[in-house]
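**Q** First, the structure itself, so that you have it in front of you.
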Ligand code: DGL
């Protein structure tokens, strides 16, 4: 039993979609969230920069005595998780596009993946695609500009709808019936995405699966907090922290 906090970080506010699920799945665990909004977006940065930023945040979370760190960012997982695991002894849980459930659920044999340039460029994505989605047609789309809309409180605006329509419209026309959200910012665009997709496609948010992975790691490693632990939630940001509180409601 270990009452120390779990650290969760993202390039910005997107990882709060994971934070919400971890909070539900682990009601006794204290959580420390770090939003690197001052350096957001990560999606178009070179891997070396993302490794540097992720290492700095990991050191910050370790100074706060985190017992496990969730890399709640597909782009940072793709670029940096191997480096983090090799250089820090704390356990890490990462996130990657949920190709496996999409490939299992599709009836049309066409799945769509929306993610950042960095996520698609990583070796992780290629490996997952070969392993789980080799028998289906995968339609990929870089979600240029979507992260910025979420960071700037514009997720439910006509601009957001125009961009979402531009990105997922062609996938839908190609017969995609599953759309994987490969960036933790995108679940905040779900109302717009569901409006655009209607009943043509199911949208897959991998955050609940990440929370289940956190529970299983805590159990396996004997790191879970005692049930009677009173959890504390703290938030840090390299940008405007007020937006965090608006997003968690
Ligand atoms: N939330 C990050 C992800 O899951 C956004 C990346 C970015 O900052 O571009 O990929």
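Residue numbers (this note's numbering): 715 to 963. A virtual CB, placed ideally from N, CA and C, is assigned to each residue, including glycine. Since this is a predicted model, take the numbers as computed values, not measurements.
Within 10 angstroms of the Cβ of residue 750, are there 16 or more other Cβ atoms? Answer buried if so, exposed if not.
**A** Looking at its Cβ environment, which holds 16 or more other Cβ atoms inside 10 Å, residue 750 is buried.
**Q** Taking residue 754 as the reference, which of 767, 945 and 851 has the closest Cα?
**A** If we check each option's Cα against that of residue 754, 767 comes out closest.
**Q** Quick check on residue 929: does DSSP put it in helix, strand or coil?
**A** Residue 929: helix per DSSP, three-state reduction.
**Q** Go through its chain and collect everything with a Cβ distance to residue 716's Cβ below 6 Å, but skip five positions before and after it.
**A** Excluding residues within five positions, the ones whose Cβ falls inside 6 Å are 781 and 937.
**Q** From the DSSP output, in three-state form, read off residue 724 for me.
**A** Three-state result, residue 724: strand.
**Q** I need the boundaries of the beta strand (DSSP E) containing residue 951, first residue and last residue.
**A** Per DSSP, residue 951 belongs to the beta strand (DSSP E) from 947 to 951.
**Q** The alpha helix (DSSP H) spanning residue 839 covers which residue range?
**A** Per DSSP, residue 839 belongs to the alpha helix (DSSP H) from 837 to 846.
**Q** Quick check on DSSP: helix, strand or coil for residue 756?
**A** It is coil, neither helix nor strand.
**Q** Thinking residue 894 and residue 796 are a contact (beta carbons under 8 Å), I'd like their distance in whole angstroms, please.
**A** Going by Cβ atoms, the distance from residue 894 to residue 796 rounds to 22 Å, so no, they are not a contact pair.
**Q** List the endpoints of the continuous beta strand (DSSP E) containing residue 779.
**A** Segment: none, residue 779 is in no beta strand (DSSP E) and carries neither H nor E.
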